[in-house]
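Engineer:
Residue numbers (my numbering), protein chains in the order written: chain A, 56 to 170; chain B, 823 to 937.
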């Protein structure tokens with residue numbers, strides 16, 4: 056079955072450490088997204104990528120970095136520059152230009168806790 | 823820029839009673855509108871979407887929503903709720919007319935079903 060796989064599901068990190076969250080999709084979608092979710096805040100867009108080797112900043116990109124070397128993969132690195140990294144992170148994807156309505160398909164999420 | 827306002831952070835309702843979750847949006851371009859549901863520690867699942875055509879949209883699990891352009895609203899309704907409907911519900915709007923750069927989400931409404 057096609058879908059989006061995020062790993063790890065739970066992650067603990069010490070302050071000052073970088074951590075990378077994995078996101079892989081086998082839906083053959085062109086565009087991929089990273090959102091951050093905090094209680095009572097909804098989802099906020101961190102980064103997105105519409106094609107391989109290209110990505111754009113979202114609303115809260117500071118302290119994060121991404122890469123898009125393969126169509127299927129869009130890893131997110133939470134750097135030590137992110138002041139408040141504890142959150143639930145969601146990866147999503149959508150179809151390419153021909154079917155682009157904005158409908159997103161989501162992974163199960165990764166919960167990052169900074170100790 | 824697009825924005826979404828979900829008017830209630832929590833909605834308690836008794837089992838088998840009707841429910842309405844309210845959503846208002848603002849957008850300077852033609853919109854695509856979505857409702858998603860999230861169960862604890864999971865990703866988001868699409869309930870329904872409005873792209874064009876009929877303003878009454880039917881989705882999964884007995885939910886429906888009505889697009890009202892003059893009131894810029896997209897309220898979600900269900901005539902009779904079940905305990906399994908307890909979840910967080912998010913209204914979202916495409917960030918641009920073509921949906922290329924993802925969705926903007928409201929802050930969510932927690933639907934609490936009381937037996």
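Note that beta-carbon positions come from the ideal geometry of N, C-alpha and C, so glycine has one too.
1. If you pair each beta-carbon of the stretch 62-77 of chain A with each one of the stretch 96-114 of chain A, do three or more pairs fall below 8 Å?
2. Going by C-alpha distance, which of A/161, A/167, A/59 is nearest residue 142 of chain A?
3. Give the residues from the stretch 102-133 of chain A that approach chain B closer than 8 Å (Cβ to any Cβ), ordered along the chain.
4. Which residue from A/90, A/125, A/124 puts its Cα closest to that of residue 116 of chain A?
5. So residue 161 of chain A contacts chain B; which residues on that side make the cut at Cβ distance below 7 Å?
6. To the nearest angstrom, how far is the alpha carbon of residue 860 of chain B from that of residue 934 of chain B?
7. Within a Cβ cutoff of 6 Å, which residues of the same chain sit near residue 57 of chain A, ignoring the five residues on either side of it in sequence?
8. Would you decide whether residue 878 of chain B is buried or exposed? Buried here means 16 or more other CB atoms lie within 10 Å of its CB.
9. Please give the ranges of any beta strand (DSSP E) in the stretch 110-143 of chain A, keeping only runs that are unbroken, at least 3 residues long and fully inside the region.
Structural biologist: Reading from the atomic positions:
1. They do not touch, by the three-pair rule.
2. Nearest of A/161, A/167, A/59 to residue 142 of chain A, Cα basis: A/167.
3. Cβ contacts with chain B: 103, 105, 111, 113.
4. Restricting attention to A/90, A/125, A/124, the CA atom closest to the CA of residue 116 of chain A is found in A/90.
5. Neighbours of residue 161 of chain A on chain B, chain order: 865, 866.
6. Their Cα atoms are separated by approximately 13 Å.
7. If we look at residue 57 of chain A and ignore the five residues flanking it on each side, its Cβ neighbours are 81, 82.
8. Within a 10 Å sphere around the beta-carbon of residue 878 of chain B sit fewer than 16 other beta-carbons, which makes this residue exposed.
9. Listed in chain order, the complete beta strand (DSSP E) runs (minimum 3 residues) inside the stretch 110-143 of chain A are 119-121, 131-133.
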